[in-house]
Amino acid sequence: MRSEQAQRIAPETAIGRHIGEVQRRLAQAFPPFVLLSAMVAAWELIVWQLALPAWLLPPPSRILTTLLSNLPILGEHVVATLTVTIPGFGLALVTGFALGVLIDASPLLRRAVYPLLVTSQTVPIVAIAPLLVVGFGFGMLPKVLVVALVTFFPIVVNTADGLQAADRDQRRLLEAMGANYWQLLRLLRLPAALPSIFTGIKVAITYSVIGAVLAEWIGASAGLGVYIARSLRAFRTDQVFVAALVTSLLTIVLFALVTLLERWIVSWRDEP
Amino acid sequence: MRSEQAQRIAPETAIGRHIGEVQRRLAQAFPPFVLLSAMVAAWELIVWQLALPAWLLPPPSRILTTLLSNLPILGEHVVATLTVTIPGFGLALVTGFALGVLIDASPLLRRAVYPLLVTSQTVPIVAIAPLLVVGFGFGMLPKVLVVALVTFFPIVVNTADGLQAADRDQRRLLEAMGANYWQLLRLLRLPAALPSIFTGIKVAITYSVIGAVLAEWIGASAGLGVYIARSLRAFRTDQVFVAALVTSLLTIVLFALVTLLERWIVSWRDEP
Amino acid sequence: STAPASPTKELTPVRVGLDWTPNTNHTGLYVARDKGYYQEQGLDVEILGAQEGGTVEQLVATGKLDFGISFQEAVTHARVEGVPVVSIAAIIQHNTSGFASRADEGITRPRDFAGKKYGAFGSPIEQATIKGLMECDGAGDRFNEVEFVDIGSTDFFVATERGDVDFVWIFKGWTGIEAEVRGTPLTILMMNDLKCIPDYYTPVLITSERMIAEKPDVVRRFLAATSAGYRFAIENPDAAAEVLLKAVPELDATLVKRSQQYLAGQYQAEAPRWGEQKLDVWRDYAQWMADRGLIARMIEPEKAFTNQFLP
Amino acid sequence: MATLDVRGISKTFRGTNGLVTVIEQLSMRADAGEFVAIIGPSGSGKSTLFNIIAGLETPDSGAVIIDGADVTGRRGQVAYMPQRDALLPWRSVIENAVLATIVQRGDVTAATREARALLDDFGLTGWGDARPAMLSGGMRQRAALLRTVLWHRPIMLLDEPFGALDALTRAQLQQWLLGLWDRLDRTILLVTHDIDEALLLADRVYALTPRPAQIALEVAVDLPRPRSYAVVADPAFARLKLRLQQVLNVY
Amino acid sequence: MATLDVRGISKTFRGTNGLVTVIEQLSMRADAGEFVAIIGPSGSGKSTLFNIIAGLETPDSGAVIIDGADVTGRRGQVAYMPQRDALLPWRSVIENAVLATIVQRGDVTAATREARALLDDFGLTGWGDARPAMLSGGMRQRAALLRTVLWHRPIMLLDEPFGALDALTRAQLQQWLLGLWDRLDRTILLVTHDIDEALLLADRVYALTPRPAQIALEVAVDLPRPRSYAVVADPAFARLKLRLQQVLNVY
Ligand SMILES: Nc1ncnc2c1ncn2[C@@H]1O[C@H](COP(=O)(O)OP(=O)(O)OP(=O)(O)O)[C@@H](O)[C@H]1O
Ligand SMILES: Nc1ncnc2c1ncn2[C@@H]1O[C@H](COP(=O)(O)OP(=O)(O)OP(=O)(O)O)[C@@H](O)[C@H]1O
Ligand SMILES: [Mg+2]
Ligand SMILES: [Mg+2]
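Respectively, the protein sequence lines represent chains A, B, C, D and E.
Here the first sequence stands for residues 2 to 273, where the numbers follow the numbering used here.
Here the second sequence stands for residues 2 to 273, where the numbers follow the numbering used here.
Here the third sequence stands for residues 279 to 589, where the numbers follow the numbering used here.
Here the fourth sequence stands for residues 11 to 261, where the numbers follow the numbering used here.
Here the fifth sequence stands for residues 11 to 261, where the numbers follow the numbering used here.
Written out as structure tokens, the structure is:
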């Protein structure tokens, strides 16, 4: 299925392979591009047809011009948001992974810790915002913690469940070698869990930027969340959409990076 | 590891097995209970020791009395929230699964659809709230859609990734039998993906109740979200914590139900 | 109050969107609903709470809501962006907001803001207002000595707990009363006492231009009943508080009662009737905003409000 | 009954140190109702050849012809027992056995009945409802063979079907397979490492060279049928065995 | 060099139709440096017995004694080649081969060197860095054997190590194994279905009954060493083979 067509076009020569690669890339980029263009066009058309006011649903053309004119301001906000996103997600990665391993370590811990983790996901941020503020002030720390809180959970569950995926025969072999818990983890269960862990990371990273945006609701002087709040107050719906667009693009880039990393690390799975 | 101890106590007789079962259950319930009690006690103690004001962090005892006195009002709110949660999560389950299969169906679709799905997760609810109401009114529908929006994504990613997990030899066998795409899916790839799909469902269900609570921010006259908003604005932190407690309990119950269902359906995995 | 509609007639359904969770600013609506004033006017009113910022005005403009609660600044912004909403009544006659600090902070006049930390909720109005207040108080350019700390939607008590923040812009009728209830001594520099920044209405009742053009009768009937509700609240603050608490039991009874007592004198104040709005107020504040670049262009103030439907 | 004709197949894989040619210009055939055995060194390309015939791999050149039709790369044409059992862990022995019937939209109830009836012959009495994880290595192999037998196709490819079985069980199943072949006139290709087994069962034996696989020797086994283990004593048997041993050990 | 003593082992599993007794009161021993072969019907309990010796299953009764110490249920005491190869798909052949060294915190560099040096003997030249998915069935089996050989323990359990190999490769590895055994004086237990193989390699052969496994026959193979395939011609060999065949076919 994987674009066999495109690969067949090019003969097995250096130049041919190069042309084939370019063709393949274009062929790959084409369908999402077409879909996207079609959707944007439809959006523009609907807005004009229904004569929707820009403060309700701005047309893509308007969003684009606003984006361009706002580029200088946006830079600062994007940097501020990413400054919260990256450490927050890093923290989520480390704690999520550690908790996943911990939960897996014994059914006892699983039963004791899981309900607490589920609870951590159900507490509305607004409820703990005062505690965070009183505990950590208005600096970066509480926002980083919110991002971590919003993103660590899928990593925990996917790690804990993924660790159960190891093959029985392989597990028994390592046990027969006298492998202790940690060796079993490192040599077998972790590699076997990697695909699942990456699934969790992909879900988590999708929440990371928007998590930072929400965290800025707690109080921040720059960031896409601040930009959105200001735009909402000023009925600049076009700016709200610009912010949403930028948030999406950042997230898609991060998501793509994780996917690439996954392909590189879990390469043994792709083999024929 | 799985409580072998407890099982050994009871001999293989009907009564013995029954006693063993009871003992086992108690032994299972014990550690989370101890941990929980310890945490609650510590919380109470800290609040008293530091003389924290109730508007910042109410002690568990206060939360409990508030819960009891608010029980009559809470009933209505809980019903309202669940009325949004259940259909919303049901919708997420169906669409998440369908999209996961769709994405898996071809790398083309994957590249075209994935960025859109990621985008759907990064759009702040506040930005689309007016559109939702304009589109769907103030009824249940927009809230159900928000719950679905908040919960479907982990199911998509876990389904799409899980479908890649099937064993190569088994896949080739079915291909040699002439299995078409759907047969391969039904007979091999779906069963093989079930553990991963359940992981996604567990993450998703964790977000479902809080998703409904957030959806009520859009505009609702009953529900735990309404209750929280009102309590927050009235500086009733104890009530906010009561709501958080109820939300957690509901979520933990739903999570436990999914875990049970998983154990029942993916039973072949537990075998020695 | 006014002539009741014939009982055989079907009630007209009406939706009102609140700007926030229900509070004592909204008491008149709940009283009118509870006491049957709306029904007498042939209206079946549904009150929807907890809208996030910006939403109510848009929903009123699109007709998804018939009426909404907003405030002058938002209506001004909205009209600049072409959102066709109109203020039809001032719920409270004067600005009851002010800059609050803990009494021991020693902030007794605007020039004391210098060297202090202000807890900002993130509106550009804040800078201009504080700057203006300090200039009026002869603090010159010492505005740069005020440190702005963004606190988002964090409340006064939380924000000032650790000393991250020294003063916050609050509503006296709610947060100010809560401080009294808690026994936290506050100093509040009331906007209206400082007589520096033009007065403005907050909150106001709004509807859409289309509603005014197409269903003036509904607007009139709605305001007749609502006005009666607020008059009741002015005359019977305790009973009105009970009505609100019955509708919204999550609220704190002491806070609501004390707040209602305070607002009883503020809803109408010295105006000839409840809800009255003045062109000066709309024009002067918009002009002030325009002069400071807070809005891209000046609005036509006479189109932003109307008194024509007040009973 | 069907004829299989493999014509000039070549196959090259990308290994860790460059390309590895596994099969080179290999041709072989099996006439309708013929029993053909294939013997060759480990790693020579026997499984790859079967994968090509089953349509799981595309040859770099050459064609697979069944009954005169080019079926290169086409799947579902032959019944195939792969070297590793590939039993689905969530299905019981019986449920695994009827898999091909499900895929080919046959009568599953009838197939289930048939599978149950065969459990005895396959030494799996009482294990029909067990999941593969509960079976021994040899039992898994027999379950996989059962699945292949119920995958009713005129041509069967068996990749070392008896490798994990003890002599007695193996002999029983060999006899059973011969019975089936006799009764239903299937065309059978069997990969085995056991020269005795090849000579006992087959009409013709191909001996392959080491990688890249080519035909080192093709011998017709003109021993009388029905054959039993007594055939070992036949001088013709000894002669054929010696020739095969020589060819296989020289390479 | 170590002695292994299996004393009165019993093991019962829960099958689909109630309990299945797989091993019943089975005792056997292997003296230090002895080569013992085990032959038994498929599904009789040989792999289960090995699992018990390796500490992977706990017997319901009985004990496993190594050099006089009770090691029942203790792991890491013996090198074990299980019936299914259990190669880790994300590790190359070499990386799989040194697994035991890693687990036992040995010198991995030395082990890697050793593994590379053995690739030739195991017919895996050029495949040291290949992942298991690229290997043929027999190549996987050899990789698993290589891993077991590098798992330096005085006692080795081999569960059908040559099942997927052709005669030539098999003979080469058998000779190689005998050389290793001779050189290093390991105690080896070998499960096989091939009576010739058992008699060629072992000092003593246990024949097992069908499930539940008990000892049907124990024979000492007093053929001269070093043995080659020529031993087949020895009348003592023929006599032993016949006895084993009789015992195994009667049961
Ligand atoms: N976990 C289990 N649950 C139930 N039955 C089991 C389990 N493991 C093994 N058995 C049964 O125990 C018996 C012996 O299995 P074992 O794998 O030891 O046989 P074996 O002698 O190695 O056979 P083979 O030569 O076919 O590999 C078989 O009937 C098998 O079905
Ligand atoms: N996907 C692959 N990539 C690279 N090499 C491969 C691949 N598949 C098979 N090979 C190589 O092709 C050769 C033939 O493999 P094949 O499985 O056909 O051998 P075989 O004759 O069945 O051997 P055995 O008797 O051991 O099963 C082997 O050297 C193997 O390493
Ligand atoms: Mg093979
Ligand atoms: Mg076995």
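We put the beta carbon where it would ideally sit given N, CA and C, even for glycine.
In this text, all values refer to a predicted model and were calculated from it rather than measured experimentally.
Closer than 8 Å to chain A by CB, Ser38/B: The residue you call residue 38/B lines up with position 37 of the second sequence. So, not an interface residue.
Nearest-angstrom Cα separation, counted from Gln184/B out to Arg85/D: Residue 85/D sits at position 75 when you count from the first residue of the fourth sequence. Residue 184/B sits at position 183 when you count from the first residue of the second sequence. One C-alpha to the other measures close to 14 Å.
Residues near Asp95/D in its chain [Cβ-Cβ closer than 8 Å; skip 5 each side]: The sequence position of residue 95/D within the fourth sequence is 85, counting from 1. Within the same chain, Pro142, Arg150, Gln151, Ala153, Ala154 come within 8 Å of Asp95/D by CB-CB distance, once the 5 residues on both sides are set aside.
Residue environment, Arg173/B, which counts as buried when at least 16 other CB atoms sit within 10 Å: Your numbering for residue 173/B matches position 172 in the second sequence. Buried, because 16 or more other Cβ atoms sit within 10 Å of the Cβ of Arg173/B.
Proximal residues, the region 156-178 of chain D versus chain E, C-beta separation under 7 Å: Under the 7 Å Cβ criterion, the region 156-178 of chain D contributes Glu170, Gly173, Ala174, Leu175, Asp176, Ala177, Leu178.
Burial state of Asn71/A, where buried means 16 or more other Cβ atoms lie within 10 Å: Reading the first sequence from its first residue, position 70 is the one you call residue 71/A. Around the CB of Asn71/A, 16 or more other CB atoms lie within 10 Å, so the residue is classed as buried.
Chain-ordered neighbours of Ile75/D on chain B, where CB pairs are closer than 7 Å: In the fourth sequence, counting from the first residue as 1, residue 75/D sits at position 65. Chain B residues near Ile75/D: none, gap ~18 Å exceeds 7 Å.
Check: Asp169/E C-beta below 7 Å from any heavy atom of ligand 4: Here the question's residue 169/E lines up with position 159 in the fifth sequence. Asp169/E Cβ: within cutoff of ligand 4.
Close Cβ partners of Ile76/E (< 8 Å) along its chain, the five nearest in sequence each way excluded: For this step, residue 76/E is matched to residue 66 along the fifth sequence. Ala12, Thr13, Leu14, Asp15, Gln87, Val88, Ile165, listed in sequence order.
Gly91/A and Ile156/A closer than 8 Å at C-beta: Your numbering for residue 91/A matches position 90 in the first sequence. Your numbering for residue 156/A matches position 155 in the first sequence. No, these two residues do not count as a Cβ contact at 8 Å.
Straight-line gap, Glu176/A to Leu66/E (C-alpha atoms, nearest Å): The residue you call residue 176/A lines up with position 175 of the first sequence. The residue you call residue 66/E lines up with position 56 of the fifth sequence. The alpha-carbon atoms of Glu176/A and Leu66/E are separated by roughly 7 Å.
Inter-residue spacing [alpha-carbon to alpha-carbon] between Thr252/B and Ile112/D: Counted from its first residue, the second sequence places residue 252/B at position 251. Counted from its first residue, the fourth sequence places residue 112/D at position 102. One alpha carbon belongs to Thr252/B, the other to Ile112/D, and they sit about 40 Å apart.
Rounded C-alpha distance that separates Arg389/C from Cys414/C: Position 111 of the third sequence, counted from the first residue, corresponds to residue 389/C. Position 136 of the third sequence, counted from the first residue, corresponds to residue 414/C. In this model, Arg389/C and Cys414/C are separated by some 9 Å (Cα to Cα).
Cross-chain neighbours of Thr86/A in chain B, by beta carbon under 8 Å: Here residue 86/A refers to the residue found at position 85 of the first sequence. Those do not exist, as Thr86/A stays about 11 Å from chain B at its closest Cβ, beyond 8 Å.
contact_flag[the region 547-558 of chain C, the region 462-473 of chain C] where n(CB pairs < 8 Å) is 3 or more: Too few Cβ pairs lie closer than 8 Å, so no.
Interfacial residues, the region 211-238 of chain A to chain B, with Cβ spacing under 7 Å: Contact residues of the region 211-238 of chain A toward chain B are Ile211, Val214, Ile229, Leu233 (C-beta to C-beta distance below 7 Å).
Met141/A CB to nearest heavy atom of ligand 2 below 7 Å: By one-based count along the first sequence, residue 141/A stands at place 140. Flag unset: Cβ of Met141/A not near ligand 2.
Contact test: Ala174/E Cβ vs ligand 2 heavy atom, cutoff 7 Å: Here the question's residue 174/E lines up with position 164 in the fifth sequence. Yes - ligand 2 has a heavy atom lying nearer than 7 Å to the Cβ of Ala174/E.
For Phe139/A, three-class secondary structure by DSSP: As a first step, residue 139/A is located in the first sequence; it is residue number 138 there, counting from the start. Correct three-state label for Phe139/A: coil.
CB of Ile48/E within 8 Å of CB of Leu233/E, strictly: Translated into the one-based positions of the fifth sequence, residue 48/E becomes position 38. Translated into the one-based positions of the fifth sequence, residue 233/E becomes position 223. No. Outside cutoff.
Proximal chain C residues relative to Pro131/B, where beta-carbon distance stays under 7 Å: Mapped onto the second sequence, residue 131/B falls at position 130. Within chain C, the residues near Pro131/B are Thr333, Gln336, Leu337.
N-terminal and C-terminal residue of the alpha helix (DSSP H) that Thr66/A is part of: Locating residue 66/A in the first sequence gives position 65, where the first residue counts as 1. Note, Thr66/A: alpha helix (DSSP H), 61-106.
Distance cut-off 7 Å: Gln171/B Cβ against heavy atoms of ligand 3: Within the second sequence, the letter at position 170 stands for residue 171/B. No, the Cβ of Gln171/B stays beyond 7 Å of every heavy atom of ligand 3.
Within 8 Å, strictly: CB atoms of Thr158/D and Leu145/D: The residue you call residue 158/D lines up with position 148 of the fourth sequence. The residue you call residue 145/D lines up with position 135 of the fourth sequence. It is not a contact, given that the beta carbons lie outside the stated cut-off.
Contact with chain A by Leu57/B, beta-carbon distance below 8 Å: Within the second sequence, residue 57/B is the residue found at index 56, counting from 1. Yes, because at least one Cβ of chain A sits closer than 8 Å to the Cβ of Leu57/B.
Separation of Val135/B from Glu217/B, as counted between CA atoms: Translated into positions along the second sequence, residue 217/B becomes position 216. Translated into positions along the second sequence, residue 135/B becomes position 134. Distance between the alpha carbons of Glu217/B and Val135/B is about 16 Å.
Beta-bridge pairing of Gly189/D - partner residues as DSSP gives them: In the fourth sequence, the residue the question calls residue 189/D occupies position 179. Listed as beta-bridge partners of Gly189/D by DSSP are no residues whatsoever.
Distance CB(Val241/C)-CB(Pro131/A) smaller than 8 Å: Any property of residue 241/C remains undetermined from this structure, which presents chain C solely from 279 to 589.
Between the CA atoms of Ser62/A and Pro282/C - distance to the nearest angstrom: One-based indexing of the third sequence puts residue 282/C at position 4. One-based indexing of the first sequence puts residue 62/A at position 61. Residue confidence is low: Pro282/C scores 48 on pLDDT, short of 50, so the model does not pin down where it sits. Its coordinate-derived value is still stated next. A direct Cα-Cα distance of roughly 52 Å separates Pro282/C from Ser62/A.
Proximal residues to Gly163/A (C-beta, below 6 Å), its chain only, five neighbours per side dropped: Counting from 1 along the first sequence, the entry for residue 163/A is found at position 162. Non-local beta-carbon contacts of Gly163/A in its own chain, meaning distances under 6 Å to residues more than five positions away in sequence, involve Ala194, Ser197, Ile198 in chain order.
DSSP three-state assignment for Phe399/C, whether helix, strand or coil: Here residue 399/C refers to the residue found at position 121 when the third sequence is read from its first residue. In this structure, Phe399/C counts as coil in the three-state DSSP scheme.
Gly138/B to Lys493/C span [Cα, whole Å]: For the purposes of this step, residue 138/B is taken as the residue at position 137 of the second sequence. For the purposes of this step, residue 493/C is taken as the residue at position 215 of the third sequence. Spanning the two alpha carbons is a distance of roughly 21 Å.
Option nearest Val346/C by Cα separation, candidates Thr333/C, His355/C, Ile429/C, Gln586/C: Start at 1 with the first residue of the third sequence, and residue 346/C comes out as number 68. Note on residue identity: the sequence assigns Gly, not Val, to residue 346/C. Gly346/C has its Cα closest to that of Thr333/C, out of Thr333/C, His355/C, Ile429/C, Gln586/C.
Neighbourhood of Gly410/C by C-beta distance below 7 Å, restricted to the same chain and skipping five residues each side: Walking along the third sequence from the start, residue 410/C turns up at place 132. For Gly410/C, the CB contacts under 7 Å within the same chain, skipping 5 residues up- and downstream, are Cys474, Ile475 in chain order.
CB of Thr248/A within 8 Å of CB of Thr123/B, strictly: The residue given as residue 248/A occupies position 247 in the first sequence. The residue given as residue 123/B occupies position 122 in the second sequence. Going by C-beta atoms, Thr248/A is nearer than 8 Å to Thr123/B.
Cβ shell of Thr122/D (< 7 Å), same chain only, five flanking positions each side left out: To locate residue 122/D, count along the fourth sequence from 1; it is residue 112. Counting only residues of its own chain and dropping the five nearest sequence neighbours on each side, Thr122/D has a CB closer than 7 Å to the CB of Ile104, Val108.
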